[in-house]
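Structure first, then comments.
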Amino acid sequence: MKSLFIVVLSLVLSACSSMGNLLPPSPQQANSLEPTETFQALQQLPTPAGSIAVSVYSFRDQTGQYKPQGNVSSFSTAVTQGANSILMQALHESDWFLPVEREGLQNILTERKIIRAAQA
């Protein structure tokens, strides 16, 4: 009887110990970036007479992050892979530039070739 009580007690106590993982994390306020002095200086520049059209093509990550490494398999990256989108948004929000997306230009050209071939 005593051994049965010890087994049941250990099962009950071990079941309670894992309850902490089931509880949702407490809500936290999101961190926001504080504007730097450079950002504030750029905001105070006079607005241009017209927006300058610029195009952003895709560019490769040249940091060497994906160089082959012997017998190690690496799937993580320390460098952002969405730099094109970040640059496009920064150009758009500056009100100085009118960004024209060219990252997917090859896909558009291929689609146009298919449409022309179907119409002929």
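Numbers 1 to 120, taken from the UniProt record's numbering, label the letters of the sequence shown in order.
Each residue gets a CB set at the ideal place from its N, CA and C atoms; glycine is no exception.
None of the values given here were measured: they were computed from a predicted structure.
Local conformation of Thr49 per DSSP, three classes: For clarity, residue 49 is Ala in the given sequence; the question names Thr instead. Correct three-state label for Ala49: coil.
In this structure, how does DSSP classify Leu105 when only helix, strand and coil are distinguished? helix
Could you check how far apart the C-beta atoms of Pro109 and Val54 are, in whole angstroms? I think they sit under 8 angstroms. According to the sequence as given, residue 109 is Leu; it is not Pro. That belief does not hold up - the Cβ atoms of Leu109 and Val54 are roughly 20 angstroms apart, past 8 angstroms.
Which residue or residues does DSSP assign as beta-bridge partners of Val100? Ser55
If Glu111 and Asn84 are in contact, beta carbons under 8 angstroms, what's the gap, nearest whole angstrom? Wrong, their Cβ atoms sit about 20 angstroms apart, outside the cutoff.
Rounded to whole angstroms, what is the Cα-Cα separation between Lys2 and Leu13? 16 angstroms
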